[in-house]
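Scroll down for the structure; my scribbles are underneath it.
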Amino acid sequence: MYTYQEVSPLYTDLYQLTMAQAYFKTGMHEEHASFDYFFRKLPFKGGYVVFAGLQDFLELTENLRFTDRDLDYLLESGFDKDFVNHLKSFTFKGDIISVREGDVVFPFEPVVRVEGSLLETQLVETLLLNVLNFQSLIATKASRIRFAGGNRTLSDFGLRRAQSFGAIQASRAAIIGGFNSTSNVLAARNYRIPHAGTMAHSFIESFGDEISAFRAYAKTFPNNATFLVDTYNTLMSGIPNAIKVAKEMREKGHMLKAIRLDSGDLAYLSKKAREMLDYDGFNEVKIIVSNQLDEYVIRSLIEQKAPIDIFGVGTNLITGKPDAALDGVYKLAHVNNRNVLKISDNLQKTTLPGRKKILRYFDREGYYYADAVVMIDETDVSRMIDPFEKLKTLSLEGFRCEELMFTAMKKGKITEVAESPQKINERLRTRLNLLPAEHQRFDFPHIYKVGISEKVLKIRDDLLLKYK
């Protein structure tokens, strides 16, 4: 599987390097540490997050090296010479324990645990947050759009509105979330995902008239022609000219593939377009629509029975609108054989100490019931406690559970062969089928239960007493 293969360790926040130097100078850099990655808030007012980005993060981490240029820059910036010399041989040699990509996850769960020396686990923080937060956000948005779109084809059209080269990873995340293709050709090549696209209005405008543009395109792509029909007048010009050229193509043994609508009342225009195409015997010609689509617009169009076959979704997908970011954080939980935590006046911002994992419990019908955050030596628990309201408990007695996390990297080496985005989406579809519908709805989704074991609670409360 392709990613960028290499990225400079300087792709980080400055304080990661200053802390790393301080650890080195005080002799703490080799102490064993364990960090948790988790998020506190669900995006889009939804009921779940699709976990994505792990494979890209693993590949980037496995290839993380300081070049001579990197090291020279650090020296020029005033970093200690001995510390910089130490970084010459830096590679990540730690372990990464994680939920699998394409699984659904929930707030306050340690979705990824990074273990290794204090120096190396600190230096990968920003990279991890940058990749996992973004791809999980986009995959979640794509999943919601897929939920709205049903079985209709979805294509990522977001490249031109994306946050620069983040569009490459965003296209991958869109496929994980349920999209069928992307207009982003580099992402299509890199991740081996289908590409799709039509033409721009400029193509139509560059010819003397609309029908000449359609004929030129049909001649160039006789077996894969899609006409953009809203440049001048959709119903009076665009669709009639498309049908005229489609008839000429049919006489030559070819077939128009689709028309695209990019403006106007998409429900009304798609219905009229379908009537006009069907009247002339072009029932198999698809209708593609684009223009500021999101899950709510698509749901509305389907409710209006708009005969649309393909949705091209751009800005609202690729930017994760309206949330723009997943609030994932990376917090130290264990160092030098000590459980540690961050304390806040707001208990929701007080972290969970210790080396932990996630157990997912199933109800009697086999659907997801609740997730318990437990210590790594716990294999099952009979009861879990709300992490913020200790009087709220949930019995888990008699319910089947599974461990969600696996060792994705061991001693700096990826443990499994990479999966394609399409394969990861298959996992997502399976997992979503196990998530009750009330957690997937758009409006006021039911809150999925996440709790902690009594052992985790005791360790946290003991540390709170100690430090307070």
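Residue numbers for the sequence shown follow the working numbering, so the first one is 76 and each next one is one higher. Ideal Cβ placement from N, Cα and C applies to all residues, glycine included. Remember, it's a predicted structure, so these values are computed and weren't measured experimentally.
The DSSP-derived three-state label of Ser-109 is strand. Judged by DSSP secondary structure, Asp-284 falls outside any alpha helix (DSSP H); it is assigned neither H nor E. Looking from the CA of Lys-467, the closest CA among Lys-498, Glu-491, Glu-529, Arg-290 belongs to Glu-529. Going by DSSP, Lys-498 is part of the alpha helix (DSSP H) stretching over 496-509. Between the alpha carbons of Leu-341 and Glu-359 lies a gap of roughly 19 Å.
Of all alpha-carbon atoms in Leu-368, Thr-394, Leu-503, Leu-416, the one lying nearest the alpha-carbon of Asp-537 is that of Leu-416. With a cut-off of 8 Å on Cβ pairs, the segment 359-377 is not in contact with the segment 236-249, counting fewer than three such pairs. Here the alpha carbon of Phe-113 sits roughly 15 Å from the alpha carbon of Leu-434. Rounded to the nearest angstrom, the gap between the Cα atoms of Asn-255 and Pro-269 is 7 Å. Per the C-alpha coordinates, the member of Ile-460, Val-456, Tyr-442 positioned closest to Ala-512 is Tyr-442. In this structure, DSSP gives Met-311 a helical state, which the three-state scheme calls helix.
Residue pairing of Leu-434 in beta bridges, as defined by DSSP: Ala-447, Glu-478. If you draw a 10 Å sphere on the C-beta of Asp-131, you find 16 or more other C-beta atoms in it, and that means buried. Straight-line measurement puts the Cα of Ser-246 at about 20 Å from the Cα of Asp-402. The three-state secondary structure of Thr-295, taken from DSSP, is helix. Counting C-beta atoms within 10 angstroms of its own C-beta, Gly-224 has 16 or more neighbours from the protein chains shown and is therefore classed as buried. Each residue's CA atom was taken as its position, placing Phe-222 and Thr-394 some 18 Å apart.
As computed with DSSP, Ser-256 is found in a beta bridge with Ser-230. In the structure shown, Lys-361 adopts extended strand secondary structure according to DSSP, grouped into three states. Around the beta carbon of Leu-129, 16 or more other beta carbons lie within 10 angstroms, which makes this residue buried. Taking one beta carbon from each stretch, the segment 497-507 and the segment 464-483 have fewer than 3 pairs nearer than 8 Å; the two do not touch. Secondary structure note for Phe-302: its beta strand (DSSP E) is the uninterrupted segment 301-303. For Val-206 and Arg-439, the gap between their C-alpha atoms comes out near 36 Å. Taking the Cα of Ala-217 as reference, the smallest distance to any Cα among Ala-249, Phe-474, Thr-201 is reached at Ala-249. When C-beta atoms of the segment 404-413 are compared with those of the segment 97-114, three or more pairs fall below 8 Å, so the two segments count as touching. Remark: C-beta atoms of Asp-147 and Gln-96 do not approach each other more closely than 7 Å. Here DSSP, grouped into helix, strand and coil, assigns Ala-248 to helix.
Leu-407 has Phe-110 as its beta-bridge partners, per DSSP.
A straight line joining the alpha-carbon of Leu-229 with that of Phe-289 spans about 24 Å.
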